[in-house]
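Enquirer: Position one of the sequence shown corresponds to residue 16 (the working numbering), numbered consecutively onward. Glycine included, every Cβ here is placed at the ideal spot set by N, Cα and C.
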Amino acid sequence: MSLQYHIALEALRLSRGYASAAQSLAEVMITVFFLVDAGYGEISREMFSATEVVIAECFEKGRGQNEWSLDVHGYEAFAALVNLHDQQLRRAPLTEILRAKDRLQAFMDGKKI
16 MSLQYHIALE
26 ALRLSRGYAS
36 AAQSLAEVMI
46 TVFFLVDAGY
56 GEISREMFSA
66 TEVVIAECFE
76 KGRGQNEWSL
86 DVHGYEAFAA
96 LVNLHDQQLR
106 RAPLTEILRA
116 KDRLQAFMDG
126 KKI
């Protein structure tokens, strides 16, 4: 999991990204939120909101211009988020990680979570 997010982040930083790289970062953003909600790590509402804006802009630019990338600020925001997720993976029990992944899947499927 973690390696996938780091590769996606680097691809977008180098302006060599692709839709599934942006999708991976969107997924890690939501998973981080679920694990924070379960008591593993902290993220400010402002930081979470900033990453929401960054990934929305990435998708807009990618879909419109077929240019999948992150600017410096977007990269820094997601680098912090991916690093937080690495910490969560080290601290949270597997059951909590799996629960967060199940919640992510339900969210992606449009189910009430």
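Can you look up Glu75 in the DSSP assignment and give me helix, strand or coil?
Expert: The answer is helix: DSSP assigns Glu75 an H, G or I state.
Enquirer: Between the Cα of Leu113 and those of Ala53, Ala23, Gly32, spot the shortest distance and give me the residue it belongs to.
Expert: If we check each option's Cα against that of Leu113, Ala53 comes out closest.
Enquirer: On the premise that Leu109 lies in contact with Ile45, defined as a C-beta separation below 8 Å, what is that separation, rounded to the nearest angstrom?
Expert: Incorrect: roughly 19 Å between the Cβ atoms, too far for contact.
Enquirer: Alpha carbon to alpha carbon, how far is Ser30 from Glu82?
Expert: The straight-line gap from Cα to Cα measures roughly 7 Å.
Enquirer: Ignore the nearest five residues each way along the sequence and tell me which others in Phe93's own chain have a CB closer than 7 Å to its CB.
Expert: Correct list, in chain order: Leu24, Leu40, Thr66, Val69, Leu85.
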